[in-house]
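>
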Amino acid sequence: RKEVEQDPGPFNVPEGATVAFNCTYSNSASQSFFWYRQDCRKEPKLLMSVYSSGNEDGRFTAQLNRASQYISLLIRDSKLSDSATYLCAVFSGYSSASKIIFGSGTRLSIRP
Amino acid sequence: NAGVTQTPKFRVLKTGQSMTLLCAQDMNHEYMYWYRQDPGMGLRLIHYSVGEGTTAKGEVPDGYNVSRLKKQNFLLGLESAAPSQTSVYFCASSYSSTGDGPQHFGDGTRLSIL
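As given, the protein sequences belong to chains A and B, one line each in that order. Mapping of the first sequence onto our numbering: position 102 corresponds to residue 102, and the numbering continues sequentially without gaps. Mapping of the second sequence onto our numbering: position 87 corresponds to residue 1087, and the numbering continues sequentially without gaps.
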């Protein structure tokens, strides 16, 4: 089992729809969680950090479920410009073995 | 403020050639990373550095070497390039002193090995 897993998609949804996807992680001791957005042939860019209490930034909401070991990203009122690949990242450990692991990404396509 | 800058942007090498990729950051970040990204594989960590003068192996370090002689620069070297090293390489840095913070990425180096 991969340490961090995402459904590769693609998720193909109409403009204005709400879409959500999850990212599961295997290390129960993971401490920090992030969502990144990556456009085609571009670098990943931080979308938002994920806090234990959940957090919202405009149309985007991120949540953490420690019991089931996943984080989620919800996009409301989707725009054509939201089309991209969304990567989750999970940090585990504060030792020589500490590391951040990226998921392979979920591809989202918004259609007019 | 340039952030994280990678050079070169593109390069084509022949098998067996060597080259160095340069990553420079102007944010005074402690942590720096080198990743490769291949279709369907996501980002895989090659090497990283927790500060000037230190380096450590990541998930896929074989065939690569790194150096961090100055805090702002992190160099990735390929001593003898192989076709399997054809990839997009991303450098990243993080302000966190413990490695648990978000990362800022450069815009990548597209490397082809013939």
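All C-beta atoms in this analysis are idealised placements derived from N, C-alpha and C, irrespective of residue type, glycine included. Please read these numbers as outputs of a predicted model, since none were measured by experiment.
(1) Count the other C-beta atoms from every protein chain shown that fall within 10 angstroms of the C-beta of A/Asp-77, then say buried if there are 16 or more, exposed otherwise.
(2) By Cβ distance below 8 Å, which residues in the same chain neighbour A/Arg-1 in space, the five residues on each side in sequence not counted?
(3) Leaving out five residues before and five after B/Leu-1013 in sequence, what residues of the same chain have Cβ atoms less than 8 Å from its Cβ?
(4) Suppose you measure from the CA of A/Leu-47 to the CA of B/Arg-1011; what does that come to, to the nearest Å?
(5) At 8 Å on the CB atoms, spell out the chain B contacts of A/Gly-118, in chain order.
(6) Using 8 Å as the cut-off, can you tell me whether the segment 1098-1105 of chain B makes contact with the segment 1051-1068 of chain B, which would need three or more C-beta pairs spanning the two stretches below that distance?
(7) Count the other CB atoms within 10 Å of the CB of A/Thr-18; is the residue buried (16 or more) or exposed (fewer)?
(8) What residues are listed by DSSP as bridge partners for B/Gln-1025?
(9) Residues in the same chain with beta-carbon distance under 8 Å from B/Val-1050, minus the five sequence neighbours each way, listed in chain order, please.
(10) Which of helix, strand or coil does DSSP assign to B/Gln-1085?
(11) At a CB distance below 9 Å, what residues from the segment 1058-1073 of chain B approach chain A? Give them in sequence order.
(12) Return no unless some Cβ of chain A is closer than 9 Å to the Cβ of B/Leu-1013.
(13) Contact defined as beta carbons within less than 8 Å: I believe A/Ser-72 pairs with A/Ala-62. What is the distance between those atoms, to the nearest angstrom?
(14) Run down chain A in chain order and give the residues with a C-beta less than 7 Å from the C-beta of B/Pro-1102.
(15) Decide yes or no for the touch test of the segment 1057-1076 of chain B against the segment 6-24 of chain A: beta carbon pairs closer than 8 Å, at least 3 of them.
(16) Expressed to the nearest angstrom, what Euclidean distance is found between the alpha-carbon atoms of A/Lys-45 and A/Asn-65?
(17) Go through its chain and collect everything with a Cβ distance to A/Phe-102's Cβ below 6 Å, but skip five positions before and after it.
(18) Rounded to a whole number of angstroms, what is the C-alpha to C-alpha distance between A/Asp-57 and B/Gly-1016?
In short, the structure shows the following:
(1) Start at 1 with the first residue of the first sequence, and residue 77 of chain A comes out as number 77. With fewer than 16 other Cβ atoms within 10 Å, it is exposed.
(2) Taking the first residue of the first sequence as 1, we reach residue 1 of chain A at position 1. Taken in chain order, the residues that qualify are Ser-26.
(3) Here residue 1013 of chain B corresponds to residue number 13 of the second sequence, with the count starting at 1. The beta carbon of B/Leu-1013 sits closer than 8 Å to the beta carbons of Met-1019, Leu-1078, Ala-1081, Leu-1111, Ser-1112, Ile-1113, Leu-1114 from its chain, once the five residues preceding and following it are set aside; these are given in chain order.
(4) What you label residue 47 of chain A is simply residue 47 of the first sequence in a count that begins at 1. What you label residue 1011 of chain B is simply residue 11 of the second sequence in a count that begins at 1. Each residue's Cα considered, the two are about 29 Å apart.
(5) Nothing can be reported for residue 118 of chain A, as the shown portion of chain A is limited to 1 through 112.
(6) no
(7) Along the first sequence, read from residue 1 onward, the residue named residue 18 of chain A stands at position 18. Exposed, since its Cβ has fewer than 16 Cβ neighbours within 10 Å.
(8) Locating residue 1025 of chain B in the second sequence gives position 25, where the first residue counts as 1. DSSP, once it has assigned bridges, lists B/Val-1004 as partnering B/Gln-1025.
(9) For the purposes of this step, residue 1050 of chain B is taken as residue 50 along the second sequence, with counting starting at 1. So the list reads Glu-1030, Tyr-1031, Ala-1056, Gly-1099, once near-sequence residues are dropped.
(10) For the purposes of this step, residue 1085 of chain B is identified with residue 85 of the second sequence, where counting begins at 1. Three-state DSSP puts B/Gln-1085 in a helix.
(11) Gly-1058, Glu-1059
(12) Translated into the one-based positions of the second sequence, residue 1013 of chain B becomes position 13. No, B/Leu-1013 lies away from the interface with chain A (no Cβ there is under 9 Å from its Cβ).
(13) Counting from one through the first sequence, the residue named residue 72 of chain A turns up at place 72. Counting from one through the first sequence, the residue named residue 62 of chain A turns up at place 62. Between A/Ala-62 and A/Ser-72 the Cβ distance is about 7 Å, and since that is below 8 Å, they are a contact.
(14) Counted from its first residue, the second sequence places residue 1102 of chain B at position 102. The contacting residues are Phe-34, Leu-46, Ser-49.
(15) no
(16) For the purposes of this step, residue 45 of chain A is taken as the residue at position 45 of the first sequence. For the purposes of this step, residue 65 of chain A is taken as the residue at position 65 of the first sequence. Distance between the alpha carbons of A/Lys-45 and A/Asn-65 is about 23 Å.
(17) Here residue 102 of chain A corresponds to residue number 102 of the first sequence, with the count starting at 1. The residues are Leu-87, Ala-89.
(18) On the first sequence, residue 57 of chain A is found 57 positions in, with the first residue counted as 1. On the second sequence, residue 1016 of chain B is found 16 positions in, with the first residue counted as 1. Cα to Cα, the separation comes out at about 48 Å.
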